[in-house]
Amino acid sequence: MKVIADIEVCVAAGVCAAIAPDVFDQDDEVGKVILLDANPGDDQLDAVRDAVLSCPSAALRLVE
Amino acid sequence: MSAAPSNIVIVGASAAGLTTAAALRRNGYDRDLTLVDAERHVPYDRPPLSKHLLTGEWGVDRVALKTEADLASLAVDIRSGVSATKLDVERSILSLTDATDLPFDRLVIATGVTPRVLPESAHLAGVHTLRTIDDTLALSEELVAGRHLVVVGGGFLGTEVAAAAIGLGLRVTLVNSRPTPLERSLGPAIGAEVAALHTGHGVELRTGPENAVQSLLSSAGRVTGVLFTDGSTLNADVVFVAIGASPTVDWLNGSGLSIGDGVECAPDLSAAPGIYAAGDVARWENPAFDESMRVEHRTNATEQAMHVGARLVDGAPDAFASVPYFWTDQYDLKLQVHGWIPGYDEVRILEGSLVERRMLAVFRRGDRVVGALGVGAAKALRQWRQLIVDRTAWADVVGG
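Residue numbers (UniProt numbering), protein chains in the order written: chain V, 1 to 64; chain E, 1 to 400.
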C-alpha cells in the first residue's frame, strides 16, 4: 500500500501518530505529520486505514 | 428496535455526519445508508473556510472532505439541499423539507450549529456570519483592499477573519466585550499577547463593555456603521459578526429528545435507543473530565463519528471519553490547545511568548491539569497532553 500525507492540509492534531506510530510521527515545533514509511507492510493496514479515517482535516490518503 | 441495523439515516453531512458514514462502511456495515445534507456542495471541511478559502489561497475544491470517487465508494444515498423538519421517535420516521419522510432503524443526528446574529441586522447587505462555503465566498467578495471591516466578536473565528482581512489589505477594527481577544477562552495574560499580535499587524481594537455593539447603522438596506452602547459610532464598509453559535436543534422540538444546549446524550452518545448524536450538536458527559460538555472543535466531530460508527455496529454501550484538541491559525502563528479549559481556575504561561513564536501555557481546574496551550512547542505539548489524559495533579507537575 502507498500512504500519502498532505502537509499543507495537515492541522497537527497528531491523531495519526497516536493510531499508527510506526507510520506517522509529528515534527517537534508545529506538530505537522511526518510520514515515516510511505510504503508500510500489510501488518499496518488496519492501523493506517483507521488513521486515514480519523484525520480531522482529511490530509491522508491510502492507495491500496 | 431491530436486532441489527439495516437502514441507517444520518442527518448532517459535514465532518461528523460524513465520517460516521465512512466509519460504518469501515466497520463492515453494508446495508442501507442515507445522508441528509442541508447544503448542496460536496461535503467539505469547515476550518479552512475562515483561513485559506477566505483569503483566496485555496479554491473550493481543496476543502472537500472526500474525492468524488471515495464518496461514491461509500455507497451512501446523499439527499442534497434538504433539511430535517421533524423527528418521530416512536415511529422511527424523519420528515424532510422536500415533504418526504425517511423511515430508519438507526438515526445519527449531526446537524451542527448555526451562527448567532445581531438582532434586526440579518437582512442587511454587507453584514456577514461564517459557517458555510457560501458564507465564505460572499464575505470574500466584499473583502476588498482599502475597505474598512468591523469584526464583532474577538473569539477564534473573529480573530482569524481579522487576520485574513489584514492580509488582504483592509483596515480592520475588532470589537470585543472583554478587554482582550480570546480572553474568554484563554485568559487575560494570553489575551494581552493576542491583542499585541493583532495591533502589531494594524488591527484597531475596541474592547470592554462600553464598546458593546448597540446596533448596526444602515442606509438603503446596506450597513454603514456600528453604534456602541456608549453612544459613539464607527463607520464600516463591511461587518463580520462572530458572536458564537447555537446548536441546530429547533427541528427536534416536540420529538421527546432532551435538547437543552445541544442534543443531550448518554456517555455512549446515544440520545434514545437507536438514536445517536455526533459533532458540534452533541452534549454528553465526558468520562475523561467527569463533566457534561458540548465540543465545537473539528477533531471532536471525527472522534465522535468514529465512536458512533462503532456503536451502531457492535451495539455496545461503551462510553465516549476524549481529551479535546483545537487550534487556531492567525497570521504566521498556530496556537494549539489540548484539554477542556472552560471554567479554568488558573492559567500559567510556563515559557515563551507569542512574540517569540514559541509559548507553552497550562490550565488548572480544581487540582488537576486540564489543558495545555502551545505555539511552536508541539513536542512538549504531546507530553502535556498525556499528563492531561492521565489526570495528573497540578501540584505534581507545576511548581509554585
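Glycine included, every Cβ here is placed at the ideal spot set by N, Cα and C. Just so we're clear, the structure is a prediction, and the values are computed from it rather than from any experiment.
Beta-carbon neighbours of residue i, restricted to chain E and to distances below 9 Å
i	result
V:Leu45	None at all; the shortest Cβ gap to chain E is about 12 Å.
V:Asp22	Per Cβ cutoff of 9 Å: no residues; V:Asp22 is ~17 Å from chain E at best.
V:Leu62	Simply none; closest approach about 10 Å.
Rounded separation between residue i and residue j - CA only
i	j	result
V:Leu62	E:Val313	24 Å
E:Gly12	E:Thr20	10 Å
E:Ala16	E:Gln304	7 Å
E:Gly339	E:Ile388	7 Å
E:Val308	E:Ala38	21 Å
E:Leu269	E:Gly225	44 Å
E:Asp88	E:Ala64	32 Å
E:Arg206	E:Ser215	15 Å
V:Gly31	E:Lys379	7 Å
E:Ala361	E:Leu373	5 Å
V:Cys55	E:Thr302	8 Å
E:Ile275	E:Ala192	44 Å
E:Leu102	E:Val82	12 Å
E:Arg368	E:Trp394	5 Å
V:Leu60	V:Cys10	8 Å
E:Asp332	E:Leu217	34 Å
E:Glu296	E:Asp45	14 Å
V:Ala17	E:Ala22	20 Å
V:Leu45	E:Asp135	39 Å
V:Ala13	E:Gly231	44 Å
E:Ala288	E:Gln383	17 Å
E:Arg178	E:Arg184	7 Å
E:Val144	E:Ile109	38 Å
E:Gly254	E:Ala84	13 Å
E:Arg91	E:Leu107	12 Å
E:Arg25	E:Asn211	51 Å
E:Ala377	E:Thr111	34 Å
E:Val150	E:Ala99	40 Å
E:Arg147	V:Leu53	42 Å
E:Leu18	E:Arg62	17 Å
E:Leu381	E:Gly56	31 Å
V:Glu38	V:Val23	Checking the sequence shown, residue 38 of chain V turns out to be Ala, not Glu. Roughly 8 Å between the two C-alpha positions.
Sequence-distant residues of its chain with Cβ nearer than 6 Å to residue i (five each side left out)
i	result
E:Gly131	As written in the sequence, residue 131 of chain E is Arg, which differs from the Gly given in the question. The residues are Pro115.
E:Asp32	Asn7
E:Ile78	Leu35 and Asp37
E:Phe156	Thr328
E:Leu271	One detail in the question is off: residue 271 of chain E reads as Ala in this sequence, not Leu. Counting only Cβ-Cβ distances below 6 Å, and skipping sequence neighbours, we find Leu257, Val263, Cys265 and Ala277.
V:Glu64	Met1
E:Gly158	Val151 and Ala242
Supposed contact pair residue j and residue i - C-beta distance, whole angstroms, cut 8 Å
i	j	result
E:Leu170	E:Pro181	Between E:Pro181 and E:Leu170 the Cβ distance is about 17 Å, and since that is not below 8 Å, they are no contact.
E:Ile349	E:Gly371	Going by Cβ atoms, the distance from E:Ile349 to E:Gly371 rounds to 13 Å, so no, they are not a contact pair.
V:Pro40	V:Val15	Not quite, the Cβ-Cβ distance comes to about 17 Å (not below 8 Å), so this is no contact.
E:Val323	E:Arg385	6 Å
E:Val127	E:Val213	Their Cβ separation, rounded to whole angstroms, is 11 Å, which puts E:Val127 and E:Val213 out of contact at 8 Å.
E:Phe104	E:Val238	43 Å between Cβ atoms; not a contact.
E:Glu160	E:Lys51	6 Å
E:His198	E:Ile133	Not quite, the Cβ-Cβ distance comes to about 26 Å (not below 8 Å), so this is no contact.
Spatial neighbours of residue i in its chain, beta-carbon cut-off 7 Å, leaving aside the 5 residues before and after
i	result
E:Ile166	Val172, His201, Gly202 and Val203
E:Ala189	Val347 and Ile349
E:Pro317	Asp268
V:Ala5	Val33, Leu35, Ala59 and Leu60
residue 408 of chain E	This structure cannot speak to residue 408 of chain E, because chain E is shown only from 1 to 400.
E:Ile259	Val249 and Leu252
Under 7 Å by beta carbon: chain V residues contacting residue i
i	result
E:Tyr325	Ala13
E:Ala361	The contacting residues do not exist; E:Ala361 stays about 16 Å from chain V at best.
E:Leu65	Ala58
E:Thr302	Ser54 and Pro56
E:Gly376	Glu29 and Val30
E:Arg178	Result: empty, since nearest Cβ-Cβ is about 26 Å, beyond 7 Å.
Residue i: CB within 7 Å of a non-hydrogen atom of the ligand FMN
i	result
E:Val172	As for the ligand FMN, it is missing from this structure, which has no ligand bound.
Chain-ordered neighbours of residue i on chain V, where CB pairs are closer than 9 Å
i	result
E:Thr392	Ordered by position in chain V, no residue passes the 9 Å Cβ test against E:Thr392, which lies about 18 Å from the chain.
E:Leu49	In chain order: nothing, as chain V lies at least about 12 Å away.
E:Met306	Asp50, Leu53 and Ser54
E:Leu333	What E:Leu333 touches in chain V: nothing, since even the nearest Cβ is about 10 Å away.
8 Å Cβ cut-off: residues of chain E touching residue i
i	result
V:Ala51	What V:Ala51 touches in chain E: nothing, since even the nearest Cβ is about 11 Å away.
V:Lys5	It should be pointed out that residue 5 of chain V corresponds to Ala in this sequence rather than to Lys. Within chain E, no residue comes near V:Ala5; the closest Cβ sits about 16 Å away, beyond 8 Å.
Nonlocal neighbours in the same chain, by C-beta distance under 8 Å from residue i, ignoring five residues either side
i	result
E:Val398	Arg348, Leu350, Val362, Arg364 and Val369
E:Thr392	Arg368 and Val369
E:Glu139	In the sequence on display, residue 139 of chain E carries Leu and not Glu. Within the same chain, E:Leu139 has close Cβ partners Leu54, His128, Leu130, Val161, Val238 and Phe240.
Chain V residues whose Cβ lies nearer than 8 Å to that of residue i
i	result
E:Gln336	Ala12 and Gly31
E:Leu381	Gly31
TODO: Taking a Cβ distance cut-off of 9 Å, strictly less, list which residues of the segment 16-45 of chain E are near chain V, in chain order.
DONE: Residues passing the 9 Å Cβ filter: Thr19, Ala22, Ala23, Arg26 and Asp45.
TODO: Mind checking the segment 24-39 of chain V against chain E and listing, in chain order, the residues whose C-beta falls within less than 7 Å of any C-beta there?
DONE: So the close ones are Gln26, Asp27, Asp28, Glu29, Val30 and Gly31.
Open item on the list: Taking beta-carbon pairs under 8 Å, can you tell me which members of the segment 145-168 of chain E lie near chain V?
Closed with: The segment 145-168 of chain E vs chain V, Cβ under 8 Å: nothing.
TODO: Residues of the segment 288-299 of chain E with a CB closer than 7 Å to any CB of chain V: list them in chain order, please.
DONE: Correct list: Arg298 and Thr299.
Open item on the list: Beta carbons nearer than 8 Å to chain V: which residues of the segment 84-118 of chain E have them?
Closed with: Here the close residues number zero.
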